[in-house]
Amino acid sequence: MRISLCNEVLGGMSLQAQCALAASLGYDGLEIAPFTLADDPLTLDTAAIRGIRKTVEDAGLAVTGLHWLLVAPKGLSITDPDPPTRRRTIEAMKRLCFMCAELGGRYLVHGSPAQRRLPDRDIHAAKGYALEAFRKAAQAAEDAGVIYCLEPLGRTETNFVNTVAEAIGVVEGIASTNFRTMIDCSAAGQTETESVPDLIRQWLPSGMIAHIQVNDPNRKGPGQGEMDFAPILAALKQHGYDGDIGVEPFIYEPDGPGVAEHSIRYLRDLLGKLA
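All letters in the sequence shown, in the order written, are residues 113 to 387 by this note's numbering.
This is the structure we're talking about:
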């Protein structure tokens, strides 16, 4: 299991500085939010993407994947009733699949709660729009050789796909080996009726869980709240999980570098005890 750091945690630092710090702390890679690369990451050409990959790999890291996909450019949505908006969004999703592959990443995490929120009216139509977008993303993921993951999120963030079971329903409907779901520990701790270890034991053997993000329900880093990550890592190991673990806190205490350091030390210590 590789442990990657979601790079917006080190926002304000150059990519080279992010890589140097993450490598020195013991991370294996970066999980990149495209909006951190450019105001409009879709305008990045092949040369720019190769340069980003080289910067990461020169530090001894890997780009493990992408997340927070639809933050930039502004105005994207998979549920908007406006056809041009949805077309732009689908093209962005497709482009990001190929960008992920060019960067050497394995997966994309489709969280982007604001860009998938269901409207108060015409909910059935909006869900249909979203499924169409996911089908197009799944095809692009197949073509690019990456995994597109639908992320269940808490109800305070979005009103569409809040549990792993709901995400599994969408995944089964899309029916593509390159379209799966994942577990975000913070969201699961807020929303699910089952514990994260139980979710892992229930769903990981199905092959539909392709990624794990670790964070506490209090939105801080792993080990900075009440959630015990030892049983989570034990369940992953028990079921032979060989994917990536992304460290994704939202509240940075004492600061970005500080939470990054605390998180990796906490996780490495737990993994050491499981060895």
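Think of the CB as a built atom: it goes at the ideal place given N, C-alpha and C, for glycine as much as any other residue.
Distance CB(residue i)-CB(residue j) smaller than 8 Å
i      : j      : result
Gln336 : Glu365 : yes
Phe272 : Ala242 : yes
Leu182 : Ala204 : yes
Ala300 : Val308 : yes
Gln227 : Ser288 : no
Leu265 : Pro225 : yes
Pro361 : Arg331 : yes
Leu379 : Ile115 : yes
Leu345 : Leu382 : yes
Thr191 : Pro231 : yes
Ala132 : His179 : no
Glu304 : Thr270 : no
Residue-level contact to chain C via CB, residue i, 8 Å cutoff
i      : result
Thr303 : Any reference to chain C falls outside this structure, which holds one protein chain only.
Residues that residue i bridges to, as DSSP identifies them
i      : result
Gln325 : Asp296, Gly358
Arg114 : Asp356
Leu178 : Ile144, Leu220
Leu261 : The sequence shown places Cys at residue 261, not Leu. Partner(s): Val221, Arg292.
Residue environment, residue i, which counts as buried when at least 16 other CB atoms sit within 10 Å
i      : result
Asp356 : buried
Ile321 : buried
His236 : exposed
Leu386 : exposed
Glu263 : buried
Ser375 : buried
Gly257 : exposed
Ala134 : buried
Glu120 : buried
Gly130 : With the sequence shown as reference, residue 130 is identified as Gln, and Gly is not the correct amino acid for it. Label assigned to Gln130: buried.
Ile363 : exposed
Pro193 : exposed
His351 : exposed
Rounded distance between the beta-carbons of residue j and residue i, thought under 8 Å
i      : j      : result
Met113 : Leu311 : Wrong, their Cβ atoms sit about 17 Å apart, outside the cutoff.
Gly138 : Thr176 : Contact doesn't hold; Cβ gap of about 15 Å is too wide.
Ser259 : Arg218 : Note that residue 259 corresponds to Ile in the displayed sequence, not to Ser. 6 Å between Cβ atoms; contact.
Glu143 : Gly358 : 4 Å
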